[in-house]
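Everything on this sheet refers to the single structure shown next.
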Amino acid sequence: MARMPRVCMCLSSIKYEMNNKAVNFFTLFLVSSTLICCALPALFVLIGAGATLASLVNALPLLPLLSQYKIYITLGAVVSIIIAGYLNYRTSLLPCPADLELGRACMRARERSRRLYFLSLAIFLFATALTYLIPRFI
Numbered sequence: 002m003a004r005m006p007r008v009c010m011c012l013s014s015i016k017y018e019m020n021n022k023a024v025n026f027f028t029l030f031l032v033s034s035t036l037i038c039c040a041l042p043a044l045f046v047l048i049g050a051g052a053t054l055a056s057l058v059n060a061l062p063l064l065p066l067l068s069q070y071k072i073y074i075t076l077g078a079v080v081s082i083i084i085a086g087y088l089n090y091r092t093s094l095l096p097c098p099a100d101l102e103l104g105r106a107c108m109r110a111r112e113r114s115r116r117l118y119f120l121s122l123a124i125f126l127f128a129t130a131l132t133y134l135i136p137r138f139i
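Per this note's numbering, residue 2 is the first one in the sequence shown, and the count goes up by one each step.
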């Protein structure tokens, strides 16, 4: 009877980590959209590649439309990063299975998830600085 909660805890841990992985990929997608809609045009203007920006707008006609909603896209990315960070923290507190092979897989999944989260955070910080901070000083 004492083993049943431990098995349930391990299964809920695996389910929780799978949900965490989905949230991390969603966060990466939102952060990448922030990079594409807002930071990429600012980067091209910053380095003097206006012709490249013009051809990019010609190839992607929805880019100016996305740039109109850059605040909402950035806020969505912030909320997603906060949720992913919280889920990564909660997952790090859950136990991994006692089986050696499953335990290693659990730890690899956690490390991969943590790296994906920090990659998303780095892209977001770069895009936010390039979109909102650097243009104020130039």
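Note that the Cβ used here is the ideal one computed from N, Cα and C, for glycine as well.
All figures in this text were calculated on a predicted structure; none of them were measured in a lab.
Exercise. Which residues bound the alpha helix (DSSP H) around proline 62?
Worked result: Run containing proline 62: none; DSSP gives neither H nor E here.
Exercise. How many Å lie between glycine 49 and serine 121 at the Cα?
Worked result: 27 Å
Problem set entry | Limits of the alpha helix (DSSP H) - the one that leucine 47 falls within | 41 to 47
Exercise. Any contact of the region 84 to 91 with the region 68 to 75, i.e. 3+ C-beta pairs under 8 Å?
Worked result: no
For this session: Could you tell me how far apart the beta carbons of asparagine 25 and leucine 117 are, in whole angstroms, since I believe they sit closer than 8 Å?
Result: 5 Å
Exercise. Using 8 Å as the limit for Cβ to Cβ distance, is cysteine 39 near chain D?
Worked result: This model lacks chain D altogether; it includes just one protein chain.
Exercise. In three-state terms, what does DSSP make of leucine 126?
Worked result: helix
Exercise. Can the beta-carbon of leucine 47 be found less than 8 Å from the beta-carbon of isoleucine 124?
Worked result: no
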